[in-house]
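S.K.:
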Amino acid sequence: MISNDEITAAIPHALLRADVPGLGPRSEGKVRDIYVQGDRRILITTDRVSAFDRVLGAIPFKGQVLNQLAAWWFEQVGDIVANHVIDVPDPNVTIAHEADALPVEVIVRGYITGVTSTSLWTLYNAGVERPYGLDLPPGLRKNDPLPEPVITPTTKATGGAHDERLTSVEVVERGLVEPVLWQEIQQAALAVFRRGQQIARRAGLILVDTKYEFGLIDGRPALIDEIHTPDSSRYWVADSYDAAHGSDQEPQNFDKEFLRLWFVGQGYRGDGPPPAMPPEFIAQVAARYIAAYERLTGREFVPGAQPASERIARALASWG
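Residue numbers in the sequence shown follow my numbering, run continuously in steps of one, and reach 1551 at the last position.
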C-alpha cells in the first residue's frame, strides 16, 4: 500500500473534474463525469466524494479505486446478471453500453444499521411502522443481522434533492418499473448481494448493505454505474463486528460510513454548506479506500500517473 506521505502529497492533485476535448457535451454526476457518443457512454470516475446526497470535497485516488474495484466486481458476478462494461482503458475510465436507466435505486441490506434519514435503523429506531413496507421483528438492536437480506428501494434524486424511500409495491404502482421486470431485478439484486457477501467474507469483511442501479440494454436488465465499492456499499471488518456488536462502538469499516460519521460529528447531515475536511482526515479516508481495494481484490494498488486529466485524455484518444 502506498504511504501516507504519498497520499498527502496527492491531495492538491485530486481529480475534481474531467474535461476531455473532442468528446462532445459533458454531464456531471456526484462522482462521475459523463460523455455519451452514440450507443457508448464514457464514464470518468473523479475523486469527488459525496454523502447525504451532497458533494463534500475530493479524496485523492478515490476515483481510481472506485473504477477499478467496480470493474473487478462486475467480473465476479457476470454469471448472475449482465452489466454495462465494454472496456476499462484507464484506471479512472469505463467505456459502457448506453442503457435506459431505471428510476429506482435498489438497496439491499443484510443488517439493520445506518445514520442517514433513509437508513433502515434510523426509521426502525424512530418507530416508523413497516419501513419500506417491511415487517421487521421487534427488539432489533443497531447493527443486528436481518433474518434475510431485504430490498429497500428509493427514488433517484436529481438536482440536489434527497432520495425518497419506496416500498416494492409503490415501485410498481407508481409505474417506475413494470411488475415482471421488477421481480426479475429483485431476484438478481439478492443473488448478486449474496455472492458479494461470500467473496467479502473470504477477505475478512462483511458486506453489510449496498446500492445497485439497473438499466435496460437491448431490452434486457443489466447492472450499471458501480457495484460493491466503498461508495455504494457498507463493509465491516468481520473480526471487529463481534467485539463491537451490542456495545456503544461501531465495527471497523472500509466504506463511506467513516466519512459520514465524521460529518455527523461536525453537526452536518446534508443541509447547508458542508464543513471543510482537514488534510489529515482526507488522507485517512483515501487510505481506507485503497485498503478496501487491496483487501477485496488481493491486488496491490498502483496509482495511475499524474496529472490524471492528461493521462485520461491520452487513454481515450488511443481507445477511440
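Don't be surprised by glycine CBs; every beta carbon is placed ideally from N, CA and C. The structure presented is a predicted model; accordingly, all values stated were derived computationally and were not measured.
Below 8 Å between beta carbons: does that hold for Pro1482 and Asn1374?
M.R.: Here the question's residue 1482 lines up with position 251 in the sequence shown. Here the question's residue 1374 lines up with position 143 in the sequence shown. In this structure, Asn1374 lies closer than 8 Å to Pro1482 by Cβ.
S.K.: Determine, using beta-carbon pairs with one atom in the stretch 1278-1287 and one in the stretch 1501-1509, whether at least three such pairs fall under 8 Å.
M.R.: With the cut-off at 8 Å, the stretch 1278-1287 and the stretch 1501-1509 touch.
S.K.: Helix, strand or coil, according to DSSP, for Leu1397 in the structure here?
M.R.: For this step, residue 1397 is matched to residue 166 along the sequence shown. Coil, per DSSP.
S.K.: Any idea if Glu1509 is buried or exposed, counting beta-carbon neighbours within 10 angstroms, 16 or more meaning buried?
M.R.: Counting from 1 along the sequence shown, the entry for residue 1509 is found at position 278. In the sequence as displayed, the identity of residue 1509 is Pro instead of Glu. Pro1509 is exposed by the Cβ-count criterion.
S.K.: According to DSSP, is Phe1445 helix, strand or coil?
M.R.: Mapped onto the sequence shown, residue 1445 falls at position 214. Strand, per DSSP.
S.K.: What would DSSP say about His1244, mapped onto helix, strand or coil?
M.R.: As a working mapping, residue 1244 is identified with position 13 in the sequence shown. Three-state DSSP puts His1244 in a helix.
S.K.: I need the DSSP call for Ala1536, collapsed to helix, strand or coil.
M.R.: Counted from its first residue, the sequence shown places residue 1536 at position 305. Three-state result, Ala1536: coil.
S.K.: By a C-beta neighbour count over all protein chains shown, 10 Å radius and 16 as the cutoff for buried, is Pro1322 buried or exposed?
M.R.: On the sequence shown, position 91 is the one that residue 1322 refers to. It is buried - the Cβ of Pro1322 has at least 16 other Cβ atoms within 10 Å.
S.K.: Which residue marks the beginning of the beta strand (DSSP E) containing Ser1258, and which one marks its end?
M.R.: Working through the sequence shown from its first residue, we reach residue 1258 at position 27. 1257-1259 is the span of the beta strand (DSSP E), which, as asked, contains Ser1258.
S.K.: Indicate whether Leu1247 and Arg1263 have their beta-carbon atoms separated by less than 8 Å.
M.R.: On the sequence shown, position 16 is the one that residue 1247 refers to. On the sequence shown, position 32 is the one that residue 1263 refers to. Taking 8 Å as the Cβ cut-off, Leu1247 and Arg1263 do not qualify as a contacting pair.
S.K.: By how many angstroms is the C-alpha of His1393 removed from the C-alpha of Gly1341?
M.R.: Along the sequence shown, one-based indexing puts residue 1341 at 110. Along the sequence shown, one-based indexing puts residue 1393 at 162. If you take the alpha carbons of Gly1341 and His1393, they lie about 23 Å apart.
S.K.: Residue ranges of each beta strand (DSSP E) run of no fewer than 3 residues wholly in the stretch 1312-1366, ordered along the chain?
M.R.: 1316-1321, 1324-1328, 1331-1343, all fully within the stretch 1312-1366.
S.K.: Which class does Gly1435 belong to by DSSP, given the choice of helix, strand or coil?
M.R.: Within the sequence shown, the letter at position 204 stands for residue 1435. Here Gly1435 sits in coil by DSSP.
S.K.: With a 10 Å radius around its C-beta and 16 neighbouring C-beta atoms as the bar for buried, classify Asp1462 as buried or exposed.
M.R.: Taking the sequence shown and counting its residues from 1, the one referred to as residue 1462 is at position 231. Answer is buried; the Cβ neighbour count reaches 16.
S.K.: Using 8 Å as the threshold, is the C-beta distance between Thr1349 and Arg1405 below it?
M.R.: Within the sequence shown, numbered from 1, the residue matching residue 1349 stands at position 118. Within the sequence shown, numbered from 1, the residue matching residue 1405 stands at position 174. Contact: no.
S.K.: Report the partner residues of Leu1274 according to the DSSP bridge assignment.
M.R.: For the purposes of this step, residue 1274 is taken as the residue at position 43 of the sequence shown. The partner list for Leu1274 (beta bridge, DSSP) reads Ile1265, Thr1325.
S.K.: One question on the structure: do Tyr1472 and Ile1437 come within less than 8 Å of each other, judged by their Cβ atoms?
M.R.: Translated into positions along the sequence shown, residue 1472 becomes position 241. Translated into positions along the sequence shown, residue 1437 becomes position 206. Against a cut-off of 8 Å, the Cβ pair of Ile1437 and Tyr1472 comes out as a contact.
S.K.: I'd like the list of long-range same chain contacts for Leu1377, defined as Cβ closer than 7 Å, with 5 residues on each side in sequence excluded.
M.R.: On the sequence shown, position 146 is the one that residue 1377 refers to. Taken in chain order, the residues that qualify are Arg1340, Gly1341, Tyr1342, Ile1343.
S.K.: Using only alpha-carbon positions, find the residue among Leu1454, Asn1298, Met1232, Gln1428 that is nearest to Ala1330.
M.R.: Residue mapping note: residue 1330 aligns to position 99 of the sequence shown, counting from 1. The candidate whose alpha carbon is nearest that of Ala1330 is Leu1454.
S.K.: Using the Cα positions of Val1468 and Gly1345, report the straight-line distance between them to the nearest angstrom.
M.R.: Position 237 of the sequence shown holds residue 1468. Position 114 of the sequence shown holds residue 1345. Computed Cα separation, rounded: 16 Å.
S.K.: Compute the distance between the beta-carbons of Val1423 and Tyr1443, then report whether it is under 8 Å.
M.R.: Indexing the sequence shown from 1 puts residue 1423 at position 192. Indexing the sequence shown from 1 puts residue 1443 at position 212. The answer is yes: Cβ separation under 8 Å.
S.K.: Three or more C-beta pairs under 8 Å: does that hold for the stretch 1248-1256 against the stretch 1533-1548?
M.R.: The stretch 1248-1256 vs the stretch 1533-1548: in contact.
S.K.: Can the beta-carbon of Pro1384 be found less than 8 Å from the beta-carbon of Val1402?
M.R.: Here residue 1384 refers to the residue found at position 153 when the sequence shown is read from its first residue. Here residue 1402 refers to the residue found at position 171 when the sequence shown is read from its first residue. In contact: Pro1384 and Val1402 (Cβ atoms closer than 8 Å).
S.K.: Only counting the same chain, and skipping five residues up and downstream in sequence, which positions put a Cβ closer than 6 Å to that of Ala1431?
M.R.: As a first step, residue 1431 is located in the sequence shown; it is residue number 200 there, counting from the start. Contacts found: Leu1438.
S.K.: Within the same chain, show all residues whose beta-carbon is closer than 7 Å to that of Tyr1466, passing over the 5 residues directly before and after it, in chain order.
M.R.: Within the sequence shown, residue 1466 is the residue found at index 235, counting from 1. Correct list, in chain order: Ala1431, Leu1436, Ile1437, Leu1438, Val1439, Asn1484, Phe1485, Asp1486, Ala1523.
S.K.: Quick one: what does DSSP say Arg1526 is sitting in, helix, strand or coil?
M.R.: The residue given as residue 1526 occupies position 295 in the sequence shown. Three-state result, Arg1526: helix.
S.K.: Exposed or buried, Ser1464, counting other C-beta atoms within 10 Å across all chains shown (16 or more means buried)?
M.R.: Locating residue 1464 in the sequence shown gives position 233, counting from the first residue. So Ser1464 ends up on the buried side.
S.K.: Under the rule that 16 or more other beta-carbon atoms within 10 Å means buried, what is Arg1372, buried or exposed?
M.R.: Here residue 1372 refers to the residue found at position 141 when the sequence shown is read from its first residue. So Arg1372 counts as exposed.
S.K.: Take Glu1409 and list the residues in its own chain whose beta-carbon comes closer than 6 Å to its own, dropping the five residues that flank it on each side.
M.R.: Stepping through the sequence shown from its first residue, residue 1409 is reached at position 178. If we look at Glu1409 and ignore the five residues flanking it on each side, it has no Cβ neighbours.
S.K.: Considering only the beta carbon of each residue, do Gly1446 and His1315 sit closer than 8 Å?
M.R.: Here the question's residue 1446 lines up with position 215 in the sequence shown. Here the question's residue 1315 lines up with position 84 in the sequence shown. Contact: yes.
S.K.: Among residues of its own chain, excluding the 5 on either side of Ala1434, which ones have a beta-carbon nearer than 7 Å to its beta-carbon?
M.R.: In the sequence shown, residue 1434 corresponds to position 203, counting from 1. Arg1526, Leu1527.
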